[in-house]
Each structure stands twice: as C-alpha cells, then as structure tokens.
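Numbers given in my numbering equal positions in the sequence shown, counted from 1, plus 5.
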Amino acid sequence: MPKIHTSNLDELVSEVQRHAGNFQHPEFIQRFLPLELEYVTQVDDIGLSPYSEEYYQQQISLYEEVSGRTLNQADGELHPTDIESLVNQPNPIGIRDVAQMCEHVRAVSMMMSIAGLTGQARVLDMGAGHGIASEVMAFMGCRVHAIDIDPVLGELSRRRAAARGLQIERSILNFDDLSSIEDGQYDGAFFSQSLHHCLRPWELIERLKTKLKPGSGVIGFVGEPINEFWWKNWGLRLDEVSLFVARSHGWFESGWSLDFITDCFERNGFKLDMFKGGFAAGDVGMATMSTDKQDAVFAKAASAGATHHVVGPKVDADGEVSIDPARYLTLIGQKKMLHGRPAFWQQGDETGMLLYGPYITLEPGKYEFAALIEAGGGGTLGMDIACNLGEKILFEKKISGKNAQGPMLATGQFNLTEHVTDLEIRLAIVSGTDWKASLPTIRRIV
C-alpha cells in the first residue's frame, strides 16, 4: 500500500490537477492508491470522549497538518465559481449529464418524501452550496431558507431563484451561529452532502432544535459519510478525495460512525431512524421529536420504498450492552469513583436528578440493569427506566437510605416489545444527603 506523509500532500494535489481531477487515472492509481496517510498529530480516539474539547482540538490539529493552514471556515469552505456562466443553466452546477443529475434529484426527493411534509412547508436547507437541493425543495412547493457560508454561491442562488420565481431566501451564515434564524417556525432542516462540514454536529443539532416547530419538526440528511474506516466515533476523513480538497481548498471533511451520529441526535431529544434509498442506495437519516411524527415518517418511508434499518449499541456474547460512560449525565452530582466503578456523588444536600441517560437504542427483548447505591444520610432515592422521551415508564421503585449499611446493589428487569431509541435510566434524590450511585450497567437476558 503506497504511503504518503502530510508533508508531501502537495505532490498528490499536483497529480490530481495534472489529470484534470480524475482520481481514476491509471498514473494516479499506480502512484497513490490504495492510500495510507502518515501524520505527526497524535489523536486518541479510544481513551478520550468524542465530545471532549481535547479530542476536538486533536482533530483540528490533524486538519491543520493535512491542509497546511489554520482552520478558518469563512475563507476555507468557499467554491471558486463563475456565477455568470451558471445563472441560466438548467441546474446551478451546470451539469448536463442526465444520470448524474437524476441521482441528485432522486436522493433529495427521497429525503423529502420520507420527511412527510405537507402544504407549503417552511424548511431550512443547511449548507446549501450551489443550491441544487434548494431548487428541488422550492419546486416541490416548499418555502426555503437556504444557509451557506459562501457569499458568491449565495448570489448565484438568489439570481436563479428570482429568474424562476422560486421561494428561496438565502443567508450567508456559518453553522456555528444561527441566532438570526427565527425560532420555532420551520417544519424541517435538511442536509444534502453538507452536515460533515460541521465542526461539532451535536451542538448544531441542539441549535437547530430551537428553530423547528415543537414536536413536528424534523432533521433529515442524505449523502453523508458514515463509516468507521479511520475513527471509532468521528474525525477527519483520510481518503484521497478528502485529502485533496482539504489541501487544495481548505475544506473541513469529517465523517462519523453510525453509533456516534445517532448519539448526537439522541442526546438532543431526537429519535434518528436510518433508511436505505439515498445516493447510490445509501443512507437517508430522519430525526424526529415525537412518536407521532416518527410513525408518520415510517409510513411515508414504506410508501416510498425506503427500507428501514435499526441502529443500536453493541451487545457482547454475555448480553452486556456497551455504553459510553459519557452518555450518563447529572444535574446535582460530581464525578467520582465508587468501589472501583465510575459514579456520581451528591453535592451537599441538593435534591434532584443525580443521574440520567444513556439515551440508547435497544432491540426488543428482556433486559436487566444494576447500579451500586450508597446512602450516607438516610432519605429516599427514586429510580425509574423510561423511553418515548420520558413519557413511558418501564420500571420504577423507591430506595430507602434508612438504616443502610454500606453499598446496596439496585437491580431490576424490564421488557421491550419494540425497539426504542431513547432508553433512559434516572436516579433522583427525593431527600437525604451523601447519596452515591455508580453508572448503571444493562444486560440482555437470553
């Protein structure tokens, strides 16, 4: 396998340019493929939380090593474009290859079909680029607010929309700041080959949630790079095309595992379902905030011929469910250890949620959970297991700290008759002081 160091990436760029962007040219393949990149930056994707600032900075350092520049999306995500030549073209990228454009239109149309929008839906086209998806959505009757960082492509989109009578509003914005977008007014926010340019998708999803109509709004994406080729959770893509555009244009090209991007949605109160039927029969993601909307999405997907597939955490041979400890959160606790296990300790005499999470997807079946509990000052601890955004209770009990001597093992069992995407264990202190609770474990009973 040919190896190339980041210090020699200009050679790869020159070779691609020499062959007019043809990555399948025999001379390019012979010299560079299959490609293995060597780099100096240290990235710990095993020991660090993928949401941590330390891990994020490691990935940014790798980007800067690969691209040879400091990260600045305001000038590093632009497309040098002659818009005059594109204003009157059939489509905004000027492609007249029927098969290629059919795939673009079909994939975007499948995403919009699954979303199940009605009437003159108001939508956000996130990372709109040249505006292909915006024009498809507007043709369908949507009122489109397109978001992109590139002012030149924004002008192209505005001029094409005006000439064709399309309802497309265009804003020059980065994903990091959506404060100028109205809250609670949009039926959906959609990404077509653009979410992977976001630096912190979990934070973008949190911001977008406030822009959607409560309960009925959706977030959809198509053409996104879901894989575990280079990183367990997320990170810079290191294929030849991504390396070329990062080095030559400065584009930030990331990717994520299916488990990770699912988690990004679930920790923000969304249920993410994946359907086949996107680009080249790839994935279409659709995130919903209510069971009613999720049911409607499933019905629309079935009528469109889009096959659903379930995403969930790994379960080992003993039935143990693998859960990232970072998925457990607290409102009143402090992270410590309890008899050798990660735990949350009550701070002072505060009452409230000591532990909640992990918001995971589980298949139907019988499960048991266990947590180590310790009470130093009596009182009562409430424990329950819930899903459907906390509305459906699968198990609950009260634990008394009175006369407690040392640690107690709190256990219980629950049955799932259908898959759930937001299973949550909650430990709430009703009264008492010095409560401690280890992070729960979940095991499937065969």
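The beta-carbon is built from N, C-alpha and C at its ideal position, and this holds for glycine as well.
Residue environment, residue i, which counts as buried when at least 16 other CB atoms sit within 10 Å
i: E229; result: buried
i: G310; result: exposed
i: F234; result: exposed
i: C392; result: buried
i: T123; result: exposed
i: N13; result: exposed
i: T267; result: buried
i: Q299; result: buried
i: K441; result: buried
i: S327; result: exposed
i: F257; result: buried
i: T416; result: exposed
i: C107; result: exposed
i: A126; result: buried
i: K402; result: exposed
i: Q339; result: exposed
i: T11; result: buried
i: V450; result: Note that residue 450 is Ile in the sequence shown here, rather than Val. By the 10 Å Cβ count, I450 comes out exposed.
i: A120; result: buried
i: P55; result: buried
i: L336; result: exposed
i: G240; result: buried
i: L76; result: exposed
i: K341; result: exposed
i: S199; result: buried
i: E82; result: buried
i: N238; result: buried
i: D130; result: buried
C-alpha gap between residue i and residue j, whole angstroms
i: W261; j: I231; result: 5 Å
i: C269; j: G136; result: 26 Å
i: R175; j: A194; result: 14 Å
i: G26; j: F33; result: 10 Å
i: N89; j: R169; result: According to the sequence displayed, residue 89 carries Glu and not Asn. Those two C-alpha atoms are separated by around 16 Å.
i: M279; j: T293; result: 11 Å
i: K276; j: H424; result: 11 Å
i: P206; j: G411; result: 42 Å
i: T422; j: T366; result: 13 Å
i: P467; j: D153; result: Here the chain has residues from 6 to 451 only, and residue 467 is not among them.
i: E69; j: V110; result: 34 Å
i: E187; j: K216; result: 6 Å
i: D87; j: V21; result: 21 Å
i: R242; j: G382; result: 52 Å
i: G189; j: D102; result: 39 Å
i: L414; j: G406; result: 12 Å
i: H314; j: I100; result: 33 Å
i: G357; j: F349; result: 13 Å
i: D155; j: G384; result: 58 Å
i: L334; j: N273; result: 13 Å
i: E58; j: G255; result: 22 Å
i: M291; j: V223; result: 7 Å
i: E271; j: H24; result: 44 Å
i: G132; j: G146; result: 20 Å
i: T426; j: P363; result: 10 Å
i: E16; j: C203; result: 28 Å
i: K281; j: V289; result: 6 Å
i: S185; j: H344; result: 49 Å
i: A301; j: S221; result: 10 Å
i: I447; j: E373; result: 6 Å
i: P369; j: G437; result: 36 Å
i: S295; j: L394; result: 8 Å
i: R346; j: K218; result: 41 Å
i: S118; j: D192; result: 13 Å
i: D80; j: D264; result: 31 Å
i: A433; j: A409; result: 18 Å
Bridge partners - residue i, DSSP secondary structure assignment
i: E174; result: H150
i: R449; result: Y372
i: R164; result: Answer is none; R164 lacks a bridge partner.
i: A292; result: I224, L277
i: S259; result: L241
i: F195; result: D130, G225
i: C392; result: K397
i: T366; result: DSSP, once it has assigned bridges, lists no residue as partnering T366.
Inter-residue CB distance, residue i and residue j (contact presumed, cutoff 8 Å)
i: V435; j: G387; result: 6 Å
i: H84; j: L158; result: 6 Å
i: Q64; j: V48; result: 7 Å
i: F284; j: V227; result: 7 Å
i: I398; j: D389; result: 6 Å
i: E140; j: P97; result: 7 Å
i: S197; j: V128; result: With a Cβ gap of about 12 Å, S197 and V128 do not count as contacting.
Ordered list of alpha helix (DSSP H) runs contained in the segment 36-85, each at least 4 residues
58-72, 78-81
Kindly provide the ranges of any beta strand (DSSP E) runs that are 3 or more residues long and lie completely inside the segment 399-446, ordered along the chain.
413-421, 425-436, 441-443
Segments of 3+ residues assigned as beta strand (DSSP E) that fall wholly inside the segment 300-332
312-314
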